[in-house]
Amino acid sequence: MKIRHAFACALLLSIPLTASAADPVKQLRLYAMDCGQVAIKDARAFSDTGDYDGKPIKAVAACYLIRHPQGNLVWDTGLNDEIAKTPGGVDTFGGNFHLELKKPVVAQLAEVGVTPADVTFLALSHMHFDHTGNANAFAGSTWLMNKAELASATADPPGFGVDPATISAYKTAKVETFMGDRDVFGDGSVMILAGPGHTPGHQLLQLKLAKAGTVVLSGDLYHTHQNRKERNVPVFNVDRADTLATMDRIEKIVKNRKARFVVQHVQADLDALPKFPAYLD
555 MKIRHAFACA LLLSIPLTAS AADPVKQLRL YAMDCGQVAI KDARAFSDTG DYDGKPIKAV
615 AACYLIRHPQ GNLVWDTGLN DEIAKTPGGV DTFGGNFHLE LKKPVVAQLA EVGVTPADVT
675 FLALSHMHFD HTGNANAFAG STWLMNKAEL ASATADPPGF GVDPATISAY KTAKVETFMG
735 DRDVFGDGSV MILAGPGHTP GHQLLQLKLA KAGTVVLSGD LYHTHQNRKE RNVPVFNVDR
795 ADTLATMDRI EKIVKNRKAR FVVQHVQADL DALPKFPAYL D
């Protein structure tokens with residue numbers, strides 16, 4: 555019996571252990587997730603020059619896990635997980651929007667061994683409901699919040715498209731507010747870029763990956779590739795001039811840094827990234 559026990563121990567020690575995703579990483583990683591589908595029957599509100607009048611749009615509510623040697627960041631949290639409980643999805647905005655969610659962000663993170671407790675920072679491109687749906691799941695994380703965005707989302711009444719219930723945990727979470735750009739980990743590899751116009755404190759995320767180079771996640775600066783090409787400004791954006799100025803700034807950053815630009819609501823852009831649970835590094 556002692557011989558068998560010793561043999562078993564030696565065998566176990568000889569098997570290489572696979573590190574879970576929650577273990578520290580040596581270099582930056584980007585994981586991209588499908589956190590809901592949005593089908594819009596009449597997308598006229600997505601351009602103030604009539605480009606989408608009477609036309610439909612299908613969009614993905616993408617969300618992201620960024621793994622850094624110093625910790626983890628979740629960027630946007632998709633549609634609320636309650637939607638997943640309704641087979642076939644739900645309708646909203648007078649039936650003009652159809653929302654569907656197969657798997658909430660927390661359930662997807664579990665596939666790579668990451669729990670909400672493993673998430674160091676939560677940051678949201680802005681406070682619209684399709685980006686904040688599961689924010690409260692990360693109440694134990696440090697919330698990095700643009701001051702203008704937080705003020706608009708918590709006003710009475712709140713800004714357009716905001717569901718205050720989805721961000722209520724900010725009241726008890728550790729919150730760090732800021733204006734302008736924010737260097738998340740202090741080494742320039744993960745930068746929140748100020749991009750006002752869509753909402754008062756709208757922002758984008760820039761990553762400097764060792765192999766893939768610079769990647770910029772759009773937030774809602776654009777909703778489609780046509781938006782980007784035509785510089786369409788949605789009717790519900792809070793400031794047209796700020797929107798166009800942000801477009802100018804971000805496009806110059808993308809050009810100068812030869813960045814890959816990901817339009818977060820475009821399914822093809824999500825599909826072009828490594829399929830979760832694979833990652834870009």
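Every position in the sequence shown, counted from 1, becomes a number in the working numbering once 554 is added. Heads up, the beta-carbon is just placed ideally off N, CA and C, and yes, glycines get one too.
For residue i, name the three-state secondary structure that DSSP assigns.
i	result
residue 640	coil
residue 685	helix
residue 714	coil
residue 698	strand
residue 833	coil
residue 585	strand
residue 607	coil
residue 577	coil
residue 705	helix
Beta-carbon within less than 7 Å of residue i's beta-carbon, same chain only, minus the 5 sequence neighbours each way: which residues are those?
i	result
residue 811	768
residue 789	599, 602
Tell me which residues share the same chain as residue i and place their Cβ nearer than 8 Å to its Cβ, disregarding the 5 neighbours each side in the sequence.
i	result
residue 713	681, 706, 707, 753, 754, 792
residue 835	581, 582, 583, 584, 763, 764, 765, 766
residue 610	593, 594, 595, 596, 597
Distance, Cα to Cα, residue i vs residue j?
i	j	result
residue 818	residue 669	23 Å
residue 587	residue 660	11 Å
residue 750	residue 771	15 Å
residue 589	residue 579	24 Å
residue 816	residue 718	27 Å
residue 738	residue 593	33 Å
residue 780	residue 786	8 Å
residue 698	residue 666	24 Å
residue 761	residue 612	26 Å
residue 575	residue 799	Summary for residue 575: the model assigns pLDDT 49, below 50, so the residue's position carries little reliability, and this model does not support an answer.
Over what stretch of residues does the alpha helix (DSSP H) that includes residue i continue unbroken?
i	result
residue 801	794–810
residue 782	779–784
residue 663	659–664
From what residue to what residue does the beta strand (DSSP E) around residue i run?
i	result
residue 730	728–732
residue 760	757–763
residue 595	Run containing residue 595: none; DSSP gives neither H nor E here.
residue 650	Premise fails: residue 650 is in no beta strand (DSSP E) and is neither H nor E.
residue 677	675–677
residue 671	Where residue 671 is concerned, there is no enclosing beta strand (DSSP E), given that its DSSP letter is neither H nor E.
residue 748	744–748
Might you give, ordered along the chain, the residues of its own chain that have their beta carbon closer than 6 Å to the beta carbon of residue i, omitting 5 neighbours on each side?
i	result
residue 673	626, 628, 692, 695
residue 618	586, 629
residue 655	590, 633, 637, 638
Which partner residues of residue i appear in the DSSP bridge assignment?
i	result
residue 816	771
residue 625	622
residue 654	591
residue 602	Bridge partners of residue 602: none, in fact.
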